[in-house]
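In what follows, a structure is listed as structure tokens, so that the remarks can point back to it.
2 protein chains.
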Amino acid sequence: MQHELCERDEKQGVNIITTCADELAKQQRSISVAEFFEKNKHLLGFDSPTRGIITTVKEAVDNSLDACEEAEILPDLYVGIYRQISGAFRIVIEDNGPGIIPEQVPLVFGKLLYGSRFHQIRQSRGQQGIGISAAVLYAQITSGTPTRIISRCGSDTKAYEFLIQIHTETNEPDIQKREEIAWERIHGTRIEMVFSSTLAAKKRLIEYLRYTSIVNPHARITATIDEEELVFDRTSDDPIKSPQSILPHPHGIELGHLKRLVSDAEIPLASFLMTSFSRVGEKAAALICSSAHLSPDVITKNLIMPEITSLLSAMQQTRIQPPLAALCLSPIGEPLIRQGLEKEFSLDYVAARTRPAAVFSGHPFLIEAAIGYGGLLLQEGNARILRFANRVPLLYQQGACAITTTIADINWKSYNISQQGLPLGPLIILVHIASTNVPFTSESKDAIASIPDIEREIRLVLQDLGRDLKQFLSRRDRKKADEARAQAICAVIPEIAMIVAKTIEKPVPDTAPIEGRIMKKLIAKKRTEDGIVTVTIDNYTSRPVDLMAYAFLYGELKEPTIQPTFIQDKNDEMTVVWQIHLPDKASWSVSFRGTHTVTIDLRGIDETKKVVIDCDI
Amino acid sequence: MQHELCERDEKQGVNIITTCADELAKQQRSISVAEFFEKNKHLLGFDSPTRGIITTVKEAVDNSLDACEEAEILPDLYVGIYRQISGAFRIVIEDNGPGIIPEQVPLVFGKLLYGSRFHQIRQSRGQQGIGISAAVLYAQITSGTPTRIISRCGSDTKAYEFLIQIHTETNEPDIQKREEIAWERIHGTRIEMVFSSTLAAKKRLIEYLRYTSIVNPHARITATIDEEELVFDRTSDDPIKSPQSILPHPHGIELGHLKRLVSDAEIPLASFLMTSFSRVGEKAAALICSSAHLSPDVITKNLIMPEITSLLSAMQQTRIQPPLAALCLSPIGEPLIRQGLEKEFSLDYVAARTRPAAVFSGHPFLIEAAIGYGGLLLQEGNARILRFANRVPLLYQQGACAITTTIADINWKSYNISQQGLPLGPLIILVHIASTNVPFTSESKDAIASIPDIEREIRLVLQDLGRDLKQFLSRRDRKKADEARAQAICAVIPEIAMIVAKTIEKPVPDTAPIEGRIMKKLIAKKRTEDGIVTVTIDNYTSRPVDLMAYAFLYGELKEPTIQPTFIQDKNDEMTVVWQIHLPDKASWSVSFRGTHTVTIDLRGIDETKKVVIDCDI
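Taken in sequence, the protein lines are chains A and B. Just so we're aligned: the first sequence equals residues 1 to 617 in our numbering. Just so we're aligned: the second sequence equals residues 618 to 1234 in our numbering.
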């Protein structure tokens, strides 16, 4: 192969080629990460001016909530979007978090890939150390203005004001102003930036704030968006306990990482395993060492490459307990998810489920999901999908998300839901992934990458919820079918009665009880004969019923056969109430002296379950 | 607002919070871009070991083809995937490109974000300076081994061998070996790396090589994939002319970039505009200056921020010719696309179209597309979609790609193609985007981001192709419907003839001519009566036809009424041929002495267009 290629090469001008390699070498340059993301800003969620605002608010709110959680503060956030005379927008996000010490402010805001959460193994909203500095970069690209930051860390410290940009060629902060200022807030951070933008996505921004508030019930978010005031108040006064950092799990480590850890440590192998990894105790450490044919006492620094390789495979093959997800993950929880959906969509049905924690490539994660039906949801079209990752709503790239593709891959028809790719109908599907390392498809954190372990968990929880939904739907359908059948029969009963009555020359009988029996309802009838009012209640349902029979009449209640539970007299208008326990198929009756002016009603039971007939009318 | 927040804060422990800000500050760290991509390797297309091989081959082949183009060399590439005893795979990619000078090798392969094409405005496969060094990083993570590189830049230079890894904490190359070696190749580069991987995606890898070869007809690719040998030979001997770099277009520049350019230049504004931007001549420069209310002679370095802002808006509002796409873009071309698809799928129909160049955010781009129908394509299921960007096939994340979503958004039913999201049926849709800056949704370069300007161009070209396809389909359908109708009629004609004959007591007539007339075919009939053979040909088609009537007989041809064009005598078996021009609706006839052993045939016309009837049988 090589020989043949070489012969071909010799036919071509070799001198030209040498020159070319030198020419090409002159063009080689290092690219700063700021330059890279300036050119590829769509990767960070800054595709368009419209989206720029949402991404900025999202990144700032993520940071504020993370910081408040870490400091165990109940978050109070303020989001302001103000239209400027120039047509640009001023974006303000202010929090009551712990603040950022002045030495760190320029790096946190003026340098891409700088942060506190990248190297920790625990659930957090921010992971990358890119988000907010990307917003600073975007502001300087589109409006040419620096970002203003005020931060204060407590009553015994001063507040500082900064004006910051980023040197794109070096990815280093460009501090244009640093000044001690008076600030009435005791601790917290405020950022202000100006964008050339539009508010075309205002609805989506409000949606983002609403869903953020639903899954962060401990947060209070106040917003002014282009003169519209919004408050998303907290529904819980307990700060969320910040998830704790854990050590890497032996099943999730890769060779390169292990090699670094090994060469950094100068301790016996067994201690190294126990102190560097989570869930490795003495027993597991001994097992790993023996299966790797290594002494537990060997000093790690002295291990050579083949030994590290066999150590890795021993670590991966040894049975070790899964990572302590309860420590490092913070699920939203079934009740909260259910409440949020019910409140938002007045659903006919909703069920939520939190799966046990699982692991992908050593990263703990868990899936929570809910399915809601009916209510305010649209009858037509695709099911509505709400996606969340680490308590952050995902707004863009729904089609590219493993959550969506997994939903589309499930056979919804087996749960009596029609489907065309996605399931159809008045359906809402919520999926939340909580993980120490959410695998997004891009830095803009819009969509979950297709990871088989994650997709399996999503599928399992949705199949579980699907089965429950099917039960609900078939109960409802059965009820509907029964009712339709009963109504069809009831519709012809009066006619039959009339014809029969005519034939046998008798008066037309009262068919209401028959209807009640067929319709499985409570039937209350009032009939007045010879100055005596008789009220009869028949329970044709299949259950015992507790209810109240009301009679409204003028004047006095005379000679009732059953004493009422309660009588209210108001300007000669009496309200008489009998509290009744009526077993199924049973009948109850009361008579008293009275006239046609008496009206009756049944209360304390479902409207659809009762028929009240006044035989005197 | 602020005041209210502050009151709340005071209720919480302020001292705790101060400590927390300090605590948080201690965890703040700079993240090297290598660390970032080590943790987020799925962003680079290294989601799984299986995909790792494909991504590596893709990045290396991209680089080789780019380098060969730049040096105007006909590329000869070799791709080798060898299974190792350990279960890992050794990946080898070798090219006959211009080579890389030894000073650059460690940076090109051992540093993420380093390259020659990032800062140039022209179409190239590689853009980011990440791809191949990410493969080096992936090899060292999964197998712990360095990457071996050999490169040589021509006959008057030596070849060098390197062993290279990446220091992830610093993103700097770790050169483990650098040595002059003898190499029989005069110029070129060879890389070898070892992966823990699988070959589960072998089919996709071969597909990638095949499509790469289709859109790079000047390249010869030889491959050994796990003992299978493959050759994708070149079909053209003309090297592709490398697209040239152009200056940024005034409509595509952003404020931040302009600010940098302005402060770097110390020349009069008008000259600055003409030398720093493409398509700006004296007239356009003057227009921009006057509309920005700036003197053409002001020295750019002295411009202050509000002046730069108004300069930018003047640049954007002034009409300027679009960028010279012909220089910097290299489309595949309609004939090549058509040929490639026809060859691959033996299509019944294919049409290709190259759109004129367009611009998004100042970046020139053009869309080429083709639609093919029938052939080897599956009758059922979604249309097959082939996506290309800058002559590179895109293999993953089809659902997330603007090409796919635009296809799904088109109303294919109006082109008589059924549709369920994507169009359905034996359809193939190819789309190629060529641009100086292809906006991918992630660094793995799998999918095109949703950019309205690009989506519009894709829609336009596909609608154009859709209209042509509709014409083809309706012609075909009309033909089909006509034939079905004709066949239905023909099926009953013999029966009718029989009944009529019986009724009027005559022999059953020959109904073939009627059928031929209905079916619009050529009907040849042979009838023998009293030792005379008569051959009659009727042209019932709507066109004149040139054909040959063959008669095969034993012995001599006696007394033909028309002299044949050609006679062949072979062992007493005669082949007699009449060359005939037969106008539509015309009839032709010949008689000669003969017996039942004569057989006839029509040649030189479509099989489906002729019916040959032997009335003697």
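Positions of the beta carbon are idealized from the N, C-alpha and C atoms, including for glycine.
When the options are compared against residue i, the one with the closest alpha-carbon
{"i": "residue 381 of chain A", "options": "A:351, A:357, A:356, A:417", "result": "A:417"}
{"i": "residue 577 of chain A", "options": "A:567, A:585, A:583, A:586", "result": "A:567"}
{"i": "residue 1180 of chain B", "options": "B:1159, B:1167, B:1146, B:757", "result": "B:1167"}
{"i": "residue 1212 of chain B", "options": "B:1144, B:1220, B:710", "result": "B:1144"}
{"i": "residue 611 of chain B", "options": "B:1073, B:1220, B:1175", "result": "As shown, chain B starts at 618 and ends at 1234. That puts residue 611 of chain B outside it, with no answer to give."}
{"i": "residue 723 of chain B", "options": "B:920, B:859, B:1191, B:764", "result": "B:764"}
{"i": "residue 545 of chain A", "options": "A:523, A:559, A:534, A:558", "result": "A:523"}
{"i": "residue 1160 of chain B", "options": "B:940, B:1092, B:973, B:1222", "result": "B:1222"}
{"i": "residue 1178 of chain B", "options": "B:838, B:1142, B:1209", "result": "B:1209"}
{"i": "residue 1246 of chain B", "options": "B:1233, B:689, B:739, B:646", "result": "With chain B represented from 618 up to 1234, any question about residue 1246 of chain B goes unanswered, as that position is not in the structure."}
{"i": "residue 1052 of chain B", "options": "B:914, B:975, B:770", "result": "B:975"}
{"i": "residue 760 of chain B", "options": "A:257, A:318, A:378", "result": "A:257"}
Nearest-angstrom Cα separation, counted from residue j out to residue i
{"i": "residue 1004 of chain B", "j": "residue 812 of chain B", "result": "28 Å"}
{"i": "residue 1044 of chain B", "j": "residue 687 of chain B", "result": "36 Å"}
{"i": "residue 590 of chain A", "j": "residue 507 of chain A", "result": "25 Å"}
{"i": "residue 1058 of chain B", "j": "residue 35 of chain A", "result": "17 Å"}
{"i": "residue 352 of chain A", "j": "residue 463 of chain A", "result": "12 Å"}
{"i": "residue 618 of chain A", "j": "residue 56 of chain A", "result": "Chain A is shown from 1 up to 617; residue 618 of chain A falls before or after that span and cannot be answered."}
{"i": "residue 541 of chain A", "j": "residue 610 of chain A", "result": "10 Å"}
{"i": "residue 27 of chain A", "j": "residue 20 of chain A", "result": "11 Å"}
{"i": "residue 942 of chain B", "j": "residue 1046 of chain B", "result": "24 Å"}
{"i": "residue 281 of chain A", "j": "residue 768 of chain B", "result": "49 Å"}
{"i": "residue 75 of chain A", "j": "residue 65 of chain A", "result": "6 Å"}
Element boundaries [alpha helix (DSSP H), containing residue i]
{"i": "residue 615 of chain A", "result": "Run containing residue 615 of chain A: none; DSSP gives neither H nor E here."}
{"i": "residue 139 of chain A", "result": "131–142"}
{"i": "residue 965 of chain B", "result": "No alpha helix (DSSP H) contains residue 965 of chain B, which DSSP labels as neither H nor E."}
{"i": "residue 1185 of chain B", "result": "Residue 1185 of chain B -> not in any alpha helix (DSSP H); beta strand (DSSP E) instead, spanning 1183–1187."}
{"i": "residue 54 of chain A", "result": "49–70"}
{"i": "residue 943 of chain B", "result": "942–945"}
N-terminal and C-terminal residue of the beta strand (DSSP E) that residue i is part of
{"i": "residue 579 of chain A", "result": "573–582"}
{"i": "residue 635 of chain A", "result": "Lying before the first or after the last residue shown, residue 635 of chain A is absent from chain A, which here runs from 1 to 617."}
{"i": "residue 782 of chain B", "result": "776–784"}
{"i": "residue 1047 of chain B", "result": "1044–1052"}
{"i": "residue 796 of chain B", "result": "789–798"}
{"i": "residue 314 of chain A", "result": "Not the beta strand (DSSP E): residue 314 of chain A falls in the alpha helix (DSSP H), residues 305–317."}
{"i": "residue 534 of chain A", "result": "532–539"}
{"i": "residue 711 of chain B", "result": "706–712"}
beta-carbon residue i near the ligand GTP non-hydrogen atom, thresh 8 Å
{"i": "residue 582 of chain A", "result": "In terms of ligand content, the structure shown is empty, and the ligand GTP therefore cannot be addressed."}
Inset, instruction - Within the segment 97–122 of chain A, note down every full beta strand (DSSP E) run reaching 3 residues or more, in order along the chain. - result: As far as the segment 97–122 of chain A is concerned, it has no whole beta strand (DSSP E) run of at least 3 residues.
Legend entry - Chain-ordered residues of the segment 350–377 of chain A with a beta carbon less than 9 Å from chain B: Taken residue by residue, none of the segment 350–377 of chain A has a beta-carbon sitting less than 9 Å from a beta-carbon on chain B.
Legend entry - Residues within the segment 1004–1033 of chain B neighbouring chain A, beta-carbon criterion of under 8 Å: The residues in question are 1014, 1016, 1017, 1022.
Legend entry - Interface residues of the segment 864–892 of chain B facing chain A [CB-CB below 8 Å]: Against chain A - using a Cβ distance shorter than 8 Å - the residues of the segment 864–892 of chain B are 871, 872, 873, 874, 876, 877.
Inset, instruction - With a floor of 3 residues, list each beta strand (DSSP E) that falls wholly inside the segment 196–264 of chain A, ordered by position along the chain. - result: The segment 196–264 of chain A contains these whole beta strand (DSSP E) runs: 220–225, 228–232.
Legend entry - Length at least 3, wholly inside the segment 632–659 of chain B: the beta strand (DSSP E) runs in chain order: As far as the segment 632–659 of chain B is concerned, it has no whole beta strand (DSSP E) run of at least 3 residues.
Legend entry - Members of the segment 757–769 of chain B that neighbour chain A once the beta carbon cut-off is set at 7 Å: Taking 7 Å as the cut-off between beta carbons, the residues of the segment 757–769 of chain B near chain A are 757, 758, 759, 760, 761, in sequence order.
Inset, instruction - Would you mind listing the beta strand (DSSP E) stretches within the segment 979–1039 of chain B that are 3+ residues and don't spill past its ends, in chain order? - result: Those beta strand (DSSP E) runs which fall completely within the segment 979–1039 of chain B and span 3+ residues are 980–990, 1001–1006, 1009–1011.
Inset, instruction - Starting from the N-terminal side, write out each stretch of the alpha helix (DSSP H) that is 4 residues or longer and does not extend beyond the segment 886–913 of chain B. - result: The segment 886–913 of chain B contains these whole alpha helix (DSSP H) runs: 886–893, 899–908.
Inset, instruction - With 7 Å as the C-beta to C-beta threshold (strictly closer), list the residues of the segment 563–587 of chain A near chain B in chain order. - result: Listed in sequence order: no entries.
Legend entry - Selection of the segment 896–927 of chain B by Cβ proximity to chain A, strictly under 7 Å: Hits within the stretch, in order: 922, 925, 926.
Legend entry - Members of the segment 18–30 of chain A that neighbour chain B once the beta carbon cut-off is set at 9 Å: Taking a C-beta cut-off of 9 Å against chain B, the contacting residues of the segment 18–30 of chain A are 18, 19, 20, 21, 22, 23, 24, 25, 26, 27, 28, 29, 30, listed in chain order.
Inset, instruction - Output, in sequence order along the chain, the residues in the segment 788–802 of chain B whose CB is closer than 7 Å to any CB in chain A. - result: Listed by position, the residues of the segment 788–802 of chain B near chain A (Cβ gap below 7 Å) are 801, 802.
Legend entry - Residues of the segment 421–440 of chain A whose Cβ lies closer than 9 Å to any Cβ of chain B, in chain order: Flagged, chain order: 421, 437, 439, 440.
Inset, instruction - Mind checking the segment 96–112 of chain A against chain B and listing, in chain order, the residues whose C-beta falls within less than 8 Å of any C-beta there? - result: Within the segment 96–112 of chain A, the qualifying residues are 96, 98, 99, 100, 101, 103, 104, 107, 108, 111.
Inset, instruction - Could you run through the segment 649–682 of chain B and flag, in chain order, every residue whose CB is less than 8 Å away from some CB of chain A? - result: Considering only beta carbons, the part of the segment 649–682 of chain B lying closer than 8 Å to chain A consists of 649, 650, 652, 653, 655, 656, 657, 659, 660, 664, in chain order.
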